[in-house]
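To start, the structure under review is shown below, and the notes come after it.
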Amino acid sequence: MSDTKTETRVVKTENISMHCPRCKECYYASVLFDEDGKFLSIMYRLGEPIENGGQA
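As structure tokens, this is what we get:
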């Protein structure tokens with residue numbers, strides 16, 4: 062069996078900041094896309110932006 066798995070690269074990251082309606086804290090979301098513009102994942106946390114698509 063050969064491994065045909067291709068490596069997925071994140072080529073676009075959109076950083077969004079917004080306020081949580083429940084707790085009124087500001088939080089930041091990073092939305093990650095691959096080279097085909099396909100949605101990969103979303104990560105968010107309170108307080109400060111995620112750097113470099115970070116591993117939180």
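Per this note's numbering: the sequence shown = residues 62 to 117. Every residue, glycine too, gets a C-beta built ideally from N, C-alpha and C.
1. Could you tell me if Ser78 is buried or exposed, where buried requires 16 or more neighbouring beta carbons within 10 angstroms of its beta carbon?
2. What I want to know is whether the C-beta of Gly98 ends up closer than 7 Å to one or more non-hydrogen atoms of the ligand NAD.
3. Consult DSSP for Glu75 and reduce its assignment to one of helix, strand or coil.
4. According to DSSP, is Asp95 part of a helix, a strand, or is it coil?
Taking the structure as given:
1. exposed
2. Absence of the ligand NAD is noted for the structure shown, with no ligands found whatsoever.
3. strand
4. strand
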